[in-house]
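Worksheet: one structure, shown below.
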Amino acid sequence: MVSINPFADLKRQCRDALRDAILKIYSGRTPSDIPLNIPPDFRFGQLTSSICFELSKDIKTKPLEIAEKISEGIMDELHRYNLIERVKAEGSGYINFYANFKELSALAINSARRLDDEYGYVKTNEPKIIIVEHTSVNPVHPIHIGQARNSVLGDSIARILTARGHKVSRHYYIDDVGRQSALIAYGYEKLGRPKPEGKPDHFIGMIYSITSCLVEIRRLKKEIERKEALADSEELNRLRKNLDEWISVAAELESKYPEKFNHLLKVLSEGDVDPEHEIAELNQKYEAGDREAKELIREVCKICLEGFKETLGRASIFFDSWDWESDFIWSGDVKRCIENLKRKAYVYEKDGALEFDGEKVAQELGLKEKLGLREDYEIPSLTLVRADGTTLYTTRDIAYSIWKFSIADKVINVVGMEQTLAQLQLKLALYALGHVNEASNLVHFAYNLVNLPGHRMSSRRGRYVTFDEVMDEAARRAYNEVSKRSPAMPEEEKRSVSEAVGIGAVKYALIETDPIKPVVFTWDRVINFEKNSAPYIQYSHARACSIIRKAQIEVGEDTDYSLLKERLEHELVMMIARFPEVFIDSADNLKPNAIADYTLSLADKFNGFYARYPVIKADSSALSRARLGLVDAVRIVLRNSLNLLGIEALERM
RNA sequence: GGACCCGUGGCCUAGUCUGGAUAGGGCAUCGGCCUCCUAAGCCGAGGGUCGGGGGUUCGAAUCCCCCCGGGUCCGCCA
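Just so you know, we're using the numbering used here here: the first sequence kicks off at 18 and counts up by one.
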């Protein structure tokens, strides 16, 4: 017997048994919903129902009495349910189901072993074409650890949905339009389009920081001059303080990159240059499709993206499609979008700019309740087009979203929580354009920031920790551990193991916390090799592999799993049986952290078992075989879970 | 100012959607365990007004209301 979801089988039997017994004993009562939960302690069985508390209201009998009657009724019919061993009324009125482990162990272990690398990945009845857009870091500086949270979550979601049977495509949206891109391109151009030294994205990031800093200082100085004339002392103080901050950033940059810094300083100090204006102009030219601007900006972006691919590839994160934002402008899609919105009369002009009235859309289409908004909440308007004719990020995103829906049924945008309003306005724009279905299939998967202790990360001020350096440090620390623990391991394997362990630790740390909660970055939190970590899980997996490797016994499907009598063995069987259900919940509710949590508990249980019960040297060879089957099933589930998180399941470490 | 999110032992965190039995882990602290499948491990101890107050319920960390604390957003930035 093989089941794709053994725990669901057990649950179904319990539910059927309950329903039949209730119908028989209290005729006429057909409980619409039968609550069935996992009891707080294994001693109370494997499933429990609190339905008697409900029934006691109608029946006017104590819950425990009802529970006893129902339990007896079920016991009489027990021959019909192979996975239930006994039923007992306990506590103040719970009906506790005790699983038949002879059957359940065989079912769970054999199913896991037979289905192997597909075990747990229960396929949906409604497969969809899904686009997961994630990462999409602006190509102007390296990916920092906060943005890596996006990549890791997005990648895991894509893996989970693929395993669920959806056709998933991972998209990176390259934000090459806008001031930031123009700014870095400007600095790069002023330096004479230098050949990258070192890692390309770090090189671009350096130029970006210097250019941005120098331009900002220049702007602040000009503004201070203006304000001095007006003698606005309060505003002046604020500006001077701001300027001081940037000057200290400049000093830092100069000492780090003296050659490039002074080169740019010299070029930008020449009397006739006006960087602000030139950058804005470059941005306009780029949107207009000017050949030189296109060549320049694309060149800079590509250099940076080369670095991103290296970083993400190291973390086993890959994309199916790299979508250039500018393409949607040049193709006319963005323009058509704006025209259509104008036709729908959801836009208006304000000081030469074009505004989108999301509030009006929500009201006329009666969307507030549906979108979970208060009726009295007024949705702020969104600027679609600047007075100078250039577009804004969200405007382009509307056109991009429509394109995505031309090739997908569902779109999941992994985007920071701070963009909740923009994502709402985007959705409203789709409604406004009559893309009702699309709008409701547009999902904003929001996640919170990774903050430095005391302040947030700021790309502009260069206050961030890069994903690269975190991976470097993690692999370095892992290497020390591996060398200490496995000195005999060949050097090459030490390297690959420490890479997998270090990166696994970082990924796990970014996935394990509920995405909605902010994370404070500390090295010890992100690079943790102890109990609450990927290495702990990887280690458990390696231990399971090691047992199997050393046992060298074939375990057939006729193995007698009734020999597994220890509570820990039963708990492990239950966890194996429950994996498919955990997976379905995680996939359908987009909860990668639920997989992380489950996997850790499984590893935890397994380590308890490992320390206490010998497998190879068990009391009998039959018991040894049964335990070996169990270990193999644990190994399979650990590996399958780690795969969903994008963490390598190592066989040795 | 308004809207949204978060608040669980010293620190980090699960559980909250879908109410159920003594609130589950980890770090740190203390005490044990390598003649036996990898000690990145195992076993044990102490430590909790689930931010506060009301309410609903047989039953509330979980649902409702009020308050407090923290974060985010309210840009012709992304």
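Even for Gly, the Cβ is constructed at its ideal location relative to N, Cα and C. The structure displayed is predicted, hence computed values, not measured ones.
Rounded separation between residue i and residue j - CA only
i: E381; j: E309; result: 45 Å
i: F336; j: N167; result: 14 Å
i: R257; j: N279; result: 23 Å
i: I633; j: A38; result: 45 Å
i: L358; j: A449; result: 7 Å
i: K326; j: A123; result: 45 Å
i: R644; j: A495; result: 31 Å
i: I564; j: E107; result: 40 Å
i: V514; j: R391; result: 52 Å
i: L438; j: A446; result: 12 Å
i: Y481; j: R36; result: 58 Å
i: S88; j: I112; result: 7 Å
i: R243; j: N300; result: 26 Å
i: G451; j: I419; result: 11 Å
i: E71; j: I570; result: 52 Å
i: K140; j: V467; result: 34 Å
i: N497; j: K511; result: 10 Å
i: S272; j: I234; result: 17 Å
i: A116; j: G625; result: 22 Å
i: M474; j: W263; result: 16 Å
C-beta atoms of residue i and residue j nearer than 7 Å
i: I76; j: I51; result: no
i: I148; j: D426; result: no
i: L607; j: F373; result: no
i: V431; j: K421; result: no
i: E150; j: H188; result: yes
i: L371; j: V364; result: yes
i: S109; j: L81; result: yes
i: S186; j: P23; result: no
i: C17; j: E455; result: Residue coverage of the chain in this structure runs from 18 to 670, which leaves residue 17 outside it and unanswerable.
i: T328; j: F484; result: yes
i: S73; j: L53; result: no
i: V194; j: S343; result: yes
i: E376; j: E395; result: yes
i: S579; j: K119; result: yes
Proximal residues to residue i (C-beta, below 8 Å), its chain only, five neighbours per side dropped
i: A663; result: The sequence given here places Gly at residue 663; Ala does not occur at that position. Hits under 8 Å: V169, D172, S173, R176, A332, S333, I334, K524.
i: D26; result: S20, L100, L124
i: L231; result: A267, L281, L282, L285, P292
i: G369; result: A404
i: I533; result: M434, A463, Y464, N465
i: E547; result: Y553
Environment of residue i [buried if 16+ CB atoms lie within 10 Å]
i: D58; result: exposed
i: M18; result: exposed
i: S718; result: Any answer about residue 718 is impossible in this case: the structure gives the chain only from 18 up to 670.
i: W339; result: exposed
i: D602; result: exposed
i: G389; result: exposed
i: Q30; result: buried
i: L247; result: exposed
i: D218; result: buried
i: S557; result: buried
i: R130; result: buried
i: L628; result: Going by the sequence as given, residue 628 is Ala instead of Leu. By the 10 Å Cβ count, A628 comes out exposed.
i: A505; result: exposed
i: N610; result: buried
i: H161; result: buried
Same chain only: Cβ atoms within 6 Å of residue i, ignoring 5 sequence neighbours per side
i: F600; result: G137
i: K216; result: G324
i: C354; result: I415, A416
i: L459; result: V428, K444
Close Cβ partners of residue i (< 7 Å) along its chain, the five nearest in sequence each way excluded
i: N545; result: A522, A526
i: I201; result: V157, I221, I224, Y225, T228, V317
i: A613; result: Y525, I528, E529, L662
i: R478; result: V266
i: Y203; result: T228, P292, E295, I296, L299
i: D649; result: R130, I565, V572
i: Q440; result: N430, V432, H461
Residue i: CB within 6 Å of a non-hydrogen atom of the ligand PLP
i: R502; result: Although the ligand PLP was asked about, the structure shown includes no ligands whatsoever.
Problem - the stretch 279-294 contacting the stretch 224-238, beta-carbon criterion three pairs below 8 Å - result: Flag = yes, the stretch 279-294 and the stretch 224-238 touch.
Practice task
Would you check if the stretch 150-157 and the stretch 616-624 touch, i.e. whether three or more CB-CB distances between them fall below 8 Å?
Solution key: Taking a cut-off of 8 Å on C-beta distances, the stretch 616-624 does not touch the stretch 150-157, as fewer than three cross pairs fall below it.
Problem - Segment contact flag, the stretch 481-493 with the stretch 507-522, C-beta cutoff 8 Å, min 3 pairs - result: At 8 Å Cβ cutoff, the stretches touch.
Practice task
Assess, as a yes-or-no matter, whether the stretch 405-420 is touched by the stretch 296-306 under the definition of 3 or more beta carbon pairs within less than 8 Å.
Solution key: Judged by Cβ distances under 8 Å, the stretch 296-306 makes contact with the stretch 405-420, as three or more pairs qualify.
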